[in-house]
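Chemist: To convert, count from 1 in the sequence shown and add 46; that's our numbering. From the three backbone atoms N, C-alpha and C, an ideal C-beta is built for every residue, glycine too. Keep in mind that this is a model prediction, so the values were computed, not measured. Mind having a look at this structure? Questions to follow.
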Amino acid sequence: PQPVYLSDYQPPAYRVTHTELTFDLDPAATRVKARLLIERNDQISDEAPLVLDGEQLKLISLAIDGNALTEADYQLDDNGLRIHTVPASFSLESEVEIAPSTNTALEGLYQSSGMYCTQCEAEGFRRITFYPDRPDVMATFTVTVIGDLQKEPILLANGNPVASGQLEGGRHFVKWEDPHPKPCYLFALVAGNLHKVEDHFTTMSGRDVTLQIWVEEENLDKTEHAMASLKRSMVWDEQTYGREYDLDLFMIVAVNDFNMGAMENKGLNIFNSAAVLTHPQTATDAAFQNVEGIVAHEYFHNWSGNRVTCRDWFQLSLKEGFTVFRDQCFSADTNSAPVKRIQDVSFFRTAQFAEDAGPTAHPIRPDHFIEITNFYTLTIYEKGAEVVRMLCNLVGWENFRRGSDAYFERFDGQAVTIEDFVECMAQASGEDLSQFMRWYSQAGTPEIDAYGEYDYVHSEYRLTLRQRTPATPGQPEKLPLHIPIRMGLVGTKSGQDLTLTLAGEKLGKDAVIHLRDDEHTFVFTNVAEAPVPSLLRDFSAPVKLNFPYSREELAFLLTHDSDGFNRWDAGQRLAMLALDDLIAAHRNGVEKVMDSRVTEAFRALLTGSTANKAVLSEMLTLPSEAYIAEQQPIVDVDAIHAAREFVRQSLALVLRAEFMAIFEANRTDEPYAPTPEQIAQRSLKNIALSYLMSIEDEKAVALCEEQVAADHNMTDVRHALTLLVHSDRDDLSAPALKAFGEKWAHDPLVMDQWFTIQVTRPQPDVLERVQFLMQQPAFSIKNPNKVRALIGAFAQNRVNFHRLDGKGYALLADVVIELNRLNPEIAARLVTPLTRWQRFDENRQSLMRAQLERIKKEPLSSNVYEVVEKALA
Ligand code: HT7
Ligand code: ZN
């Protein structure tokens with residue numbers, strides 16, 4: 047497979063102004079008729095042939111302005127169609143046949159649980175009809191869907207329904223019109239036996255919008271939270287960005303087989319059922335919050351993505367980074383802002399940093415790719431959002447909002463670039479953002495080494511910052527970035543933020559300093575007392591910041607820092623220092639000794655005033671094994687697991703009474719509600735229970751059993767069941783698991799949780815369990831949610847996946863090889879843990895590489911080929 051390069055971008059030679067489609071649905075032989083109104087782009091020579099993308103299409107007929115073409119008029123291959131000569135303006139009529147029932151890749155038109163649905167982003171539309179499948183070709187669409195009245199009573203597409211009726215042979219049709227020009231990746235069609243929940247929203251200009259969520263009948267009681275989230279999102283986008291919805295109808299459909307979370311098709315969002323369905327008895331608090339965030343994300347795309355879209359797929363972060371930033375702010379405003387930031391950053395520093403340090407590292411705007419679906423990554427989405435957040439902080443919210451208004455107005459109905467977006471921000475603020483643009487082209491996580499000195503004689507604090515970005519594949523040299531660092535100086539005597547004076551200018555007590563060079567020393571004057579610096583407040587830039595804090599200084603920041611995020615981060619850094627010692631002790635076979643400063647910090651947290659339970663829960667959560675691994679030069683999975691368990695158990699032993707008191711104080715029989723207050727309370731209670739279960743405290747074991755039996759809500763049941771299954775009390779967990787599996791056998795989303803609970807336990811029988819569970823009727827390798835819940839979750843089980851006999855790696859490779867044939871997109875994502883082989887000891891390195899080599903010998907899809915090739919390069 048050949049890469050595509052950003053530098054080769056050419057505007058389209060032909061535009062499609064209107065697209066008319068007729069689908070005659072059939073599982074094995076759907077007929078798609080297309081009538082495209084096409085115009086030549088004036089700037090391109092009239093000789094240009096018409097090149098259309100098309101994959102896995104059986105061509106039935108082709109005509110221009112009603113005149114049939116013969117084989118001499120065109121050239122057809124596996125990638126599409128080239129018509130040698132066409133007029134300047136014409137209509138192209140085609141008919142093709144496709145087979146939705148055998149489409150296991152879930153791109154284009156496919157069947158899921160008997161219903162028809164589509165996924166066209168990024169390049170799935172070419173599996174539906176011959177078309178210029180690129181986002182800078184935008185057309186209005188008219189779509190007629192014909193289906194069986196019994197099997198497909200509901201026929202949906204983008205826009206508004208304009209006609210419907212019965213046809214011969216028990217068939218019927220619905221015709222849809224979408225007045226907004228759109229790229230074909232936003233096309234959608236759904237047909238099946240669906241049921242709806244309906245509501246209404248009145249927009250800020252007083253228009254009534256009908257809101258519908260379409261689901262299978264048995265899921266009608268699981269839509270309330272998604273609907274409420276949608277309405278909150280619509281209000282938020284009006285109030286925060288002045289963006290109003292632009293059609294009379296907004297539909298969401300839940301489907302069981304879906305490669306990602308959801309898709310923002312114009313007026314007809316298609317969702318993975320896991321990203322839309324919730325019920326207190328079946329979904330956890332985390333799932334409720336996830337649904338809220340994804341509903342918001344897809345809704346926000348209506349402006350940031352649909353009305354203004356990407357010129358080409360290299361600009362993907364233009365819509366994804368901006369939209370993730372928007373959904374993060376929405377969730378922060380709707381729930382607890384500090385907790386949302388802590389959770390997002392905690393995930394980001396674990397998973398995106400790992401991606402940025404691995405063989406598939408790429409810039410937010412890549413300059414080449416083989417398979418674009420491999421680039422729906424944490425870098426494009428989450429690092430992209432961090433960069434938009436930095437922009438917003440750099441120019442200030444008011445300028446950012448003016449820049450965003452200008453962006454939506456200037457480019458409405460167009461396909462644009464990242465430069466267009468940043469230029470709007472530069473114009474709105476008058477800032478020079480030229481150096482800032484490097485964030486989009488340089489891969490890798492910048493590291494800042496910081497060093498501070500207090501000069502008692504002159505009352506000065508000198509802070510030296512040195513930046514460097516490590517080499518990444520294809521980018522050996524890096525230029526310095528513009529890095530905004532929000533900071534404060536916390537007085538060691540007063541415990542208060544001191545006023546910051548830099549070069550004679552008073553900046554206040556919390557300010558942003560700008561690192562633009564490789565190294566810079568900032569001299570703060572009139573610093574009345576020796577301070578501890580609080581750096582990178584609220585994670586003001588996506589960097590690693592090293593400062594030689596002592597444990598006493600971290601304990602000080604943990605209690606005194608005015609920035610909630612940095613208080614949490616000080617706790618994480620303090621725990622990391624203790625964990626580092628314990629990892630070393632484990633490796634050296636030396637007795638492990640718990641750092642009393644960590645224990646005392648925890649005691650203070652557990653017994654102090656608990657104003658914000660959600661933040662307290664985060665403060666009591668130790669860095670994950672995956673995060674700890676990221677901090678180690680060579681990952682020692684067993685030492686990390688042992689060290690972390692030792693800390694948990696030591697804390698539980700010393701602070702047993704305190705944890706028990708927190709547990710008791712946060713139990714409640716209130717009816718379940720996914721409110722921030724209740725979620726925080728459950729989280730705190732369940733964290734306390736986790737610590738107590740780490741020592742298999744008899745009372746805690748009984749409390750877990752009780753919590754499972756009480757069956758109050760899925761958050762509590764799942765947490766307690768997980769603690770039992772992850773303990774050594776198989777006598778208790780085996781019957782509980784069995785009962786849970788039998789009770790929920792009918793509910794695929796709960797069965798996904800049943801799989802995950804089992805394959806994430808630390809006991810050494812997990813590999814055999816995975817093999818056993820793969821044979822169960824509840825598992826299907828064709829369903830991405832099942833693959834993620836069972837195989838994906840197993841690959842995150844660090845001690846078991848990284849078994850020294852290599853059987854964990856072999857199992858993953860087997861599944862990747864099978865999925866490579868069925869669903870290449872999922873196969874390419876699943877292989878990721880093997881690509882991180884460089885991070886492990888020599889023995890594991892060679893075992894992991896051997897599996898990658900084995901995969902490479904297969905006839906590979908371009909998706910898997912691209913990832914494996916990079917991993918072995
Ligand atoms: N924009 C959507 C991307 C998406 C996708 C991409 C590749 C293959 C399948 C997919 N399903 C959805 C999702 C989003 O970011 O909102
Ligand atoms: Zn998105």
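Taking 6 angstroms as the limit, tell me which residues put their C-beta closer than that to any heavy atom of the ligand ZN, in chain order.
Modeler: The filter returns His343, His347, Glu366, Thr369, in chain order.
Chemist: So for histidine 347, helix, strand or coil by DSSP?
Modeler: In the structure shown, histidine 347 sits in coil (DSSP, three-state: anything other than H, G, I, E or B).
Chemist: Of the choices Asn348, Val816, Phe334, Arg702, whose alpha-carbon is the least far from that of serine 324?
Modeler: Position check: residue 324 holds threonine in this sequence, whereas serine was assumed. Checking every option, the nearest Cα to that of threonine 324 belongs to Phe334.
Chemist: Could you tell me whether any non-hydrogen atom of the ligand HT7 is closer than 7 angstroms to the CB of glutamine 398?
Modeler: Glutamine 398 Cβ: outside cutoff for every heavy atom of the ligand HT7.
Chemist: Go ahead and pull the three-state DSSP assignment for serine 135.
Modeler: Strand.
Chemist: Helix, strand or coil: which one does DSSP assign to glutamine 89?
Modeler: Glutamine 89: coil per DSSP, three-state reduction.
Chemist: For my contact list, leucine 71 and alanine 237 are in at a C-beta cut-off of 8 angstroms; report their separation, rounded to the angstrom.
Modeler: Going by Cβ atoms, the distance from leucine 71 to alanine 237 rounds to 6 angstroms, so yes, they are a contact pair.
Chemist: May I ask you to report which of helix, strand or coil DSSP gives serine 324?
Modeler: This sequence places threonine at residue 324; serine is not what is there. Coil at threonine 324, not helix or strand.
Chemist: Taking asparagine 125 as the reference, which of Asp584, Leu898, Arg172 has the closest Cα?
Modeler: Closest option to asparagine 125, Cα to Cα, is Arg172.
Chemist: Quick one: is the Cβ of methionine 297 within less than 7 angstroms of any heavy atom of the ligand HT7?
Modeler: No, the ligand HT7 has no heavy atom inside 7 angstroms of this Cβ.
Chemist: Heavy atom of the ligand HT7 less than 7 angstroms from the Cβ of glutamate 871, yes or no?
Modeler: Yes - the ligand HT7 has a heavy atom lying nearer than 7 angstroms to the Cβ of glutamate 871.
Chemist: Could you tell me whether the region 547-559 touches the region 516-526, using the rule of 3 or more Cβ pairs below 8 angstroms?
Modeler: Judged by Cβ distances under 8 angstroms, the region 547-559 makes no contact with the region 516-526, as fewer than three pairs qualify.
Chemist: Can you name, in chain order, every residue of its own chain whose Cβ lies under 6 angstroms from the Cβ of alanine 80, other than the five neighbours on each side?
Modeler: Excluding positions up to five away in sequence, the list reads Leu67, Ser140, Thr175.
Chemist: For a test of the three-state rule: what should DSSP assign to proline 207, helix, strand or coil?
Modeler: In the structure shown, proline 207 sits in a strand (DSSP, three-state: E or B).
Chemist: For lysine 228 versus threonine 190, is the C-beta spacing smaller than 8 angstroms?
Modeler: Taking 8 angstroms as the Cβ cut-off, lysine 228 and threonine 190 do not qualify as a contacting pair.
Chemist: Return the CA-CA distance between alanine 685 and histidine 632, expressed in angstroms with no decimal places.
Modeler: Straight-line Cα distance between these residues: approximately 6 angstroms.
Chemist: Just the C-alpha distance for threonine 248 and aspartate 254, rounded to the nearest angstrom, thanks.
Modeler: Each residue's alpha carbon lies about 5 angstroms from the other.
Chemist: Assuming alanine 378 contacts tyrosine 500 under a Cβ cut-off of 8 angstroms, what Cβ separation, rounded to an integer in Å, is found between them?
Modeler: Not confirmed; about 35 angstroms, so no contact.
Chemist: Taking the runs of the beta strand (DSSP E) that are 3 residues or longer, which of them lie wholly in the region 340-392?
Modeler: With a minimum length of 3 residues, the continuous beta strand (DSSP E) runs that stay inside the region 340-392 are 354-356.
Chemist: Give me the residue from Gln102, Leu819, Arg387, Phe570 with the minimum Cα distance to leucine 122.
Modeler: Residue Gln102 is the option with its Cα nearest to leucine 122.
Chemist: Would you check whether the ligand NAP has a heavy atom nearer than 7 angstroms to the C-beta of glutamine 361?
Modeler: Ligands in the displayed structure: the ligand HT7 and the ligand ZN; the ligand NAP is not one of them.
Chemist: I need the boundaries of the beta strand (DSSP E) containing proline 577, first residue and last residue.
Modeler: Per DSSP, proline 577 belongs to the beta strand (DSSP E) from 577-581.
Chemist: Give me the DSSP bridge partner(s) of lysine 903.
Modeler: DSSP output for lysine 903 lists no bridge partner at all.
Chemist: Determine which residues share a DSSP beta bridge with glutamate 141 and list them.
Modeler: Answer is Lys79, Ser107, bridged to glutamate 141.
Chemist: CB of alanine 168 to nearest heavy atom of the ligand HT7: below 7 angstroms?
Modeler: It does: the Cβ of alanine 168 is within 7 angstroms (strictly closer) of some heavy atom of the ligand HT7.
Chemist: So does the region 304-315 actually touch the region 767-780, counting three or more Cβ pairs closer than 8 angstroms?
Modeler: Taking 8 angstroms as the limit for Cβ pairs, the verdict is that the region 767-780 does not touch the region 304-315.
Chemist: Kindly indicate which three-state DSSP category alanine 630 falls into: helix, strand or coil?
Modeler: If DSSP states are grouped into helix, strand and coil, alanine 630 belongs with the helices.
Chemist: Looking at the strands, I want to know which residues DSSP matches up with histidine 560.
Modeler: Answer by DSSP bridge pairing, in chain order: Pro530.
Chemist: Where DSSP assigns a beta bridge to cysteine 163, which residues make up the other side?
Modeler: Paired residues: Tyr156, Val236.
Chemist: What would DSSP say about glycine 193, mapped onto helix, strand or coil?
Modeler: The answer is strand: DSSP assigns glycine 193 an E or B state.
Chemist: Quick test of the definition: if touching needs 3 or more C-beta pairs under 8 angstroms, does the region 260-267 touch the region 348-368?
Modeler: Verdict: no, contact absent.
Chemist: Tell me which residue opens and which closes the alpha helix (DSSP H) that glutamine 473 is part of.
Modeler: First-last of the alpha helix (DSSP H) with glutamine 473: 464-475.
Chemist: Out of Ala59, Pro781, Val370, point me to the one whose CA is closest to isoleucine 84's CA.
Modeler: It is Ala59 whose Cα lies nearest to the Cα of isoleucine 84.
Chemist: What's the call for isoleucine 90, buried or exposed, on a 16-neighbour Cβ count within 10 Å?
Modeler: The residue in question, isoleucine 90, is exposed, as its Cβ has fewer than 16 Cβ neighbours within 10 Å.
Chemist: Helix, strand or coil for glycine 854 per DSSP?
Modeler: In the structure shown, glycine 854 sits in a helix (DSSP, three-state: H, G or I).
Chemist: Check glutamine 842 in the structure and name its three-state DSSP category.
Modeler: Glutamine 842: coil per DSSP, three-state reduction.
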